[in-house]
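Trainee: Please find one structure pasted underneath; my questions will follow.
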Amino acid sequence: MTYKRIYIQTTYRFSLIFMQDSGIKTSILQGLSAAWPICLGYIPIGLAFGVLAQKAGLDPIEIMLMSIFVFAGSSQFIAVSMLSTGAGAVSIIITTFAVNLRHLLMSSSLAVFLGNTTRKKLSLFAYGVTDESFAVNQTRFSQNIWSLDQALVVNHAANIAWVVSSVIGGYSGRFIHEGAFGIDYALTAMFICLLIFQLRGRLYVITAVIAGVVAVILSLIIPGSSYIVLASIFAATTVLGIKKWALR
968 MTYKRIYIQT TYRFSLIFMQ DSGIKTSILQ GLSAAWPICL GYIPIGLAFG VLAQKAGLDP
1028 IEIMLMSIFV FAGSSQFIAV SMLSTGAGAV SIIITTFAVN LRHLLMSSSL AVFLGNTTRK
1088 KLSLFAYGVT DESFAVNQTR FSQNIWSLDQ ALVVNHAANI AWVVSSVIGG YSGRFIHEGA
1148 FGIDYALTAM FICLLIFQLR GRLYVITAVI AGVVAVILSL IIPGSSYIVL ASIFAATTVL
1208 GIKKWALR
């Protein structure tokens, strides 16, 4: 009887471990399944960034450190562009900070799904939030088919793809002429693709049009890149007001 009880208890414990491992494996596989389009898109853009950074005077180690500590494609492209024109450190920091203010909007949108998260996991997740990972995770969170573990896989798989591709671009930059293969257009093309995937209804189209028009107008008035954030806030607020008025 004692041996039978020990056998049952041991089998039960192993089954729990197996179920936990199975759950982790499932989260990893589902996260990678959602992340591979981002990784596929990051490879050419990371290569393009590495080439441009090499042309601006950065070596592969500096490119790798920048991709690890900053991990923000648009800001890195802007910083490299400003470095190539001889801009100072203060102006680069202020400009990239302004460009990355949009992360406040993205983080606020994701925060409603992460109320019970520990600070350690939240910090790990926040590090990997980008435009692309936000688009993937926010859509799945809103459909109640996603968890933080799956979202972490998306964020950090994309991070690895970005860092590796940017370093490879830095090494190969010496063999590629600046502007070859449309490299300087890679980031713009990716943002256009992200916009198209987000246009899931009439309100989304109206929001995009308002944001684009206001951004162009503000860019002629306001120096720097803060007009991007202001245009996004204005468009989102305006369409939210239109939606509430229509519901009434």
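Following the numbering used here, the numbering of the sequence shown begins with 968 at its first residue and continues without gaps. Don't be surprised by glycine CBs; every beta carbon is placed ideally from N, CA and C. These numbers were taken from a predicted model, which means no experiment stands behind them.
Using three-state DSSP, classify L1081 as helix, strand or coil.
Mentor: Residue mapping note: residue 1081 aligns to position 114 of the sequence shown, counting from 1. Of the three classes helix, strand and coil, the one that applies to L1081 here is coil, per DSSP.
Trainee: Does the beta-carbon of Y1009 have 16 or more other beta-carbons within 10 angstroms, so that it is buried, or is it exposed?
Mentor: What you label residue 1009 is simply residue 42 of the sequence shown in a count that begins at 1. Buried: at least 16 other Cβ atoms inside 10 Å.
Trainee: Once the 5 residues before and after L1089 are set aside, which same chain residues still bring their CB inside 7 Å of it?
Mentor: In the sequence shown, counting from the first residue as 1, residue 1089 sits at position 122. Excluding sequence neighbours, L1089 sits near L1081.
Trainee: Nearest-angstrom Cα distance between S1076 and V1196?
Mentor: Within the sequence shown, residue 1076 is the residue found at index 109, counting from 1. Within the sequence shown, residue 1196 is the residue found at index 229, counting from 1. Approximately 15 Å, taken between the alpha carbons.
Trainee: Answer yes or no: do G1017 and I1030 have a C-beta to C-beta separation smaller than 7 Å?
Mentor: Along the sequence shown, read from residue 1 onward, the residue named residue 1017 stands at position 50. Along the sequence shown, read from residue 1 onward, the residue named residue 1030 stands at position 63. Cβ atoms of G1017 and I1030: closer than 7 Å.
Trainee: Out of curiosity, what's the CA-to-CA distance linking I1127 and F1044?
Mentor: Taking the sequence shown and counting its residues from 1, one reaches residue 1127 at position 160. Taking the sequence shown and counting its residues from 1, one reaches residue 1044 at position 77. Their backbone Cα atoms lie some 18 Å apart in a straight line.
Trainee: What is the rounded straight-line gap between the Cα of T1204 and the Cα of V1057?
Mentor: As a position in the sequence shown, residue 1204 is number 237, starting the count at 1. As a position in the sequence shown, residue 1057 is number 90, starting the count at 1. Using only the alpha carbons, I get a separation of about 32 Å.
Trainee: For the alpha helix (DSSP H) holding W1113, just list the boundary residues, first then last.
Mentor: For the purposes of this step, residue 1113 is taken as residue 146 along the sequence shown, with counting starting at 1. Careful: W1113 lies outside any alpha helix (DSSP H) and carries neither H nor E.
Trainee: Counting along the chain, where does the alpha helix (DSSP H) carrying A1056 start and finish?
Mentor: Position 89 of the sequence shown, counted from the first residue, corresponds to residue 1056. First-last of the alpha helix (DSSP H) with A1056: 1056-1066.
Trainee: As a quick exercise: from Y1138, L1072, A1198, G1024, pick the residue whose alpha carbon is nearest that of G1053.
Mentor: Here the question's residue 1053 lines up with position 86 in the sequence shown. The candidate whose alpha carbon is nearest that of G1053 is G1024.
Trainee: Please state whether the Cβ-Cβ distance between C1006 and A1125 is less than 7 Å.
Mentor: Position 39 of the sequence shown holds residue 1006. Position 158 of the sequence shown holds residue 1125. Contact: yes.
Trainee: Roughly how many whole angstroms lie between the Cα atoms of R1141 and K1022?
Mentor: Position 174 of the sequence shown, counted from the first residue, corresponds to residue 1141. Position 55 of the sequence shown, counted from the first residue, corresponds to residue 1022. Each residue's Cα considered, the two are about 8 Å apart.
Trainee: Within the same chain, show all residues whose beta-carbon is closer than 8 Å to that of L983, passing over the 5 residues directly before and after it, in chain order.
Mentor: Counted from its first residue, the sequence shown places residue 983 at position 16. Its pLDDT being 44, under 50, L983 is placed unreliably in this model, and the value from its coordinates should be taken loosely. Closer than 8 Å at the Cβ level, and outside the excluded window around L983, lies no residue.
Trainee: Buried or exposed for Y1171, please, with buried defined as at least 16 other CB atoms from any protein chain shown within 10 angstroms of its CB.
Mentor: On the sequence shown, residue 1171 is found 204 positions in, with the first residue counted as 1. Result: exposed.
Trainee: Whole angstroms is fine: what's the gap from L1119's alpha carbon to G998's?
Mentor: Locating residue 1119 in the sequence shown gives position 152, counting from the first residue. Locating residue 998 in the sequence shown gives position 31, counting from the first residue. Roughly 8 Å between the two C-alpha positions.
Trainee: Is A1213 buried or exposed, if buried means 16 or more other CB atoms sit within 10 Å of its CB?
Mentor: As a position in the sequence shown, residue 1213 is number 246, starting the count at 1. Exposed is the call here.
Trainee: When DSSP labels each residue in this structure, what does R1069 get in the three-state scheme?
Mentor: Looking up residue 1069 in the sequence shown gives position 102. If DSSP states are grouped into helix, strand and coil, R1069 belongs with the helices.
Trainee: In whole angstroms, give me the CA-to-CA distance for T993 and I1163.
Mentor: Position 26 of the sequence shown, counted from the first residue, corresponds to residue 993. Position 196 of the sequence shown, counted from the first residue, corresponds to residue 1163. Each residue's alpha carbon lies about 29 Å from the other.
Trainee: Going by the CB atoms, is the gap between V1047 and L1014 shorter than 7 Å?
Mentor: Position 47 of the sequence shown, counted from the start, is the residue given in the question as residue 1014. Position 80 of the sequence shown, counted from the start, is the residue given in the question as residue 1047. No.
Trainee: Under 7 Å, do S1100 and N1122 count as touching if we go by C-beta distance?
Mentor: What you label residue 1100 is simply residue 133 of the sequence shown in a count that begins at 1. What you label residue 1122 is simply residue 155 of the sequence shown in a count that begins at 1. Against a cut-off of 7 Å, the Cβ pair of N1122 and S1100 comes out as a contact.
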